[in-house]
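Residue numbers (the numbering used here): 2 to 403.
For glycine and all other residues, C-beta sits at the position ideal for the given N, C-alpha and C.
Keep in mind that this is a model prediction, so the values were computed, not measured.
Notes for the one structure printed next.
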């Protein structure tokens, strides 16, 4: 996982969740394996891929060939990292359980790389509906559902002109290709979508051309997906150049406290993004761990506010443990077969893989509020379809500016 580099904000919370779950199962003596009729302690090996997909693949190979790992797990990582690990898992026929985030870009990578029979992904859908009859085929399991809960309330108060942005990588392009037609279908005008206006390489440092077009055309909404440093640069330049949209949704970029505070000043104020996990959810951990107690462990260890990917990392261990216990053996093919049968309440919600070997989890929409505490910023739920993820604040509209 990327403990350093552009994805560090994601992996630090996710890694904590993995470690906490392993600590919890080992407090019980380990995972019960029927074949040996005993509990076996779990050893967790974490390697830093420095947010580099090439290194992610190399390190996955090392875990399997040198360190003889039985299984692979991953906290939330970007699709290109997941793909690199999945390639190694397939080569060595080793079950890989990972929180991959958005279904669409991950599924595109799965299809282009050939079948990944040993990779089991978790996350959410951007806009693709779940299969009829699936318990997730209801509002609150796709990103567009979450967006509409907010935009249906405030979008009509704008001119419905949208500036769309995305980093030029599989994740960004997957998002751009999903949300631009969805917005257009709802009557929004996405400026320059046919020319991919707003897509830029990861190493871009000057966003002036796209900002000028958004400003000149009075785009009152700005939405997209990109790493936090990339968007932070874009947003800082937009403020300097006087571009002030009424709504800003910055997926991936604005999910985490450490990422948004790195932008400096008041740049986080009013930015919205998805909410993956909050500790108020009523869901089980391992042993006596609860979402609240897990969150308290994170805060005590780091001194930081809630990290919403701690729960997403923790649940991956719950899933692989459940599959091992179902299989009753450490045999890789048996555990892989058992993963298809997983139907488990985790600390993140109900885990159940579909025909794409993907488990969708519930999501909501949050927004960054300025608060009178040492932390200065608080990410509050502003729109949710779930009673276990209730809204905790009224949305700020329009965006607050000094």
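{"Asked": "Under 8 Å, do residue 271 and residue 369 count as touching if we go by C-beta distance?", "Found": "yes"}
{"Asked": "Could you name the residues of the same chain whose beta carbon sits closer than 6 Å to that of residue 259, not counting the 5 residues immediately before and after it, in chain order?", "Found": "10"}
{"Asked": "Of the residues 7, 4, 18, 8, which one's Cα is nearest the Cα of residue 302?", "Found": "18"}
{"Asked": "Which one or two residues does DSSP pair with residue 347 in a beta bridge?", "Found": "350"}
{"Asked": "On the criterion of 16 or more Cβ atoms from any shown chain inside 10 Å, does residue 12 qualify as buried, or is it exposed?", "Found": "buried"}
{"Asked": "Could you give the first and the last residue of the continuous alpha helix (DSSP H) run that contains residue 177?", "Found": "171–186"}
{"Asked": "Could you give the C-beta distance for residue 218 and residue 161, rounded to a whole number, given that I count them as a contact under 8 Å?", "Found": "Not quite, the Cβ-Cβ distance comes to about 12 Å (not below 8 Å), so this is no contact."}
{"Asked": "Entirely within the stretch 226–262 and at least 4 residues each: give me those alpha helix (DSSP H) ranges in chain order.", "Found": "229–241, 258–262"}
{"Asked": "For residue 407 versus residue 364, is the C-beta spacing smaller than 8 Å?", "Found": "Because residue 407 is not part of the residues shown, which for the chain are 2 to 403, the question remains open."}
{"Asked": "Would you kindly report the start and end of the unbroken alpha helix (DSSP H) that includes residue 26?", "Found": "9–28"}
{"Asked": "Got a sec, what are the start and stop residues for the beta strand (DSSP E) residue 39 sits in?", "Found": "39–41"}
{"Asked": "Just the C-alpha distance for residue 286 and residue 28, rounded to the nearest angstrom, thanks.", "Found": "13 Å"}
{"Asked": "Measuring alpha carbon to alpha carbon, tell me which residue in 215, 55, 222, 355 is nearest residue 133.", "Found": "355"}
{"Asked": "Please name the residue in 240, 177, 7, 229 whose C-alpha comes closest to that of residue 253.", "Found": "229"}
{"Asked": "Spatial neighbours of residue 42 within its chain, please: CB distance less than 6 Å, with the 5 preceding and 5 following residues excluded, ordered by chain position.", "Found": "27, 31"}
{"Asked": "Note the first and the last residue of the continuous alpha helix (DSSP H) segment covering residue 314.", "Found": "311–328"}
{"Asked": "Please say whether residue 94 and residue 329 have beta carbons closer to each other than 8 Å?", "Found": "no"}
{"Asked": "Spatial neighbours of residue 208 within its chain, please: CB distance less than 6 Å, with the 5 preceding and 5 following residues excluded, ordered by chain position.", "Found": "235, 238"}
{"Asked": "Which residues does DSSP pair with residue 54 in a beta bridge?", "Found": "DSSP output for residue 54 lists no bridge partner at all."}
{"Asked": "Give a yes or no on contact between the stretch 168–181 and the stretch 151–160, applying the rule of three or more CB pairs nearer than 8 Å.", "Found": "no"}
{"Asked": "Does the beta-carbon distance from residue 262 to residue 231 come in below 8 Å?", "Found": "no"}
{"Asked": "On the criterion of 16 or more Cβ atoms from any shown chain inside 10 Å, does residue 292 qualify as buried, or is it exposed?", "Found": "buried"}
{"Asked": "CA-CA distance, residue 390 and residue 46?", "Found": "32 Å"}
{"Asked": "Express the C-alpha separation of residue 331 and residue 378 in angstroms, rounding to a whole number.", "Found": "45 Å"}
{"Asked": "Expressed to the nearest angstrom, what Euclidean distance is found between the alpha-carbon atoms of residue 55 and residue 64?", "Found": "15 Å"}
{"Asked": "With H, G and I counted as helix, E and B as strand and the rest as coil, what does DSSP make of residue 372?", "Found": "coil"}
{"Asked": "Can you round the beta-carbon distance between residue 22 and residue 319 to whole angstroms, since I take them to be within the 8 Å contact cut?", "Found": "6 Å"}
{"Asked": "In chain order, which continuous runs of the beta strand (DSSP E) of length 3 or greater are located wholly inside the stretch 58–121?", "Found": "73–75, 97–103"}
{"Asked": "For residue 166 and residue 200, what's the separation of their Cα atoms in angstroms?", "Found": "6 Å"}
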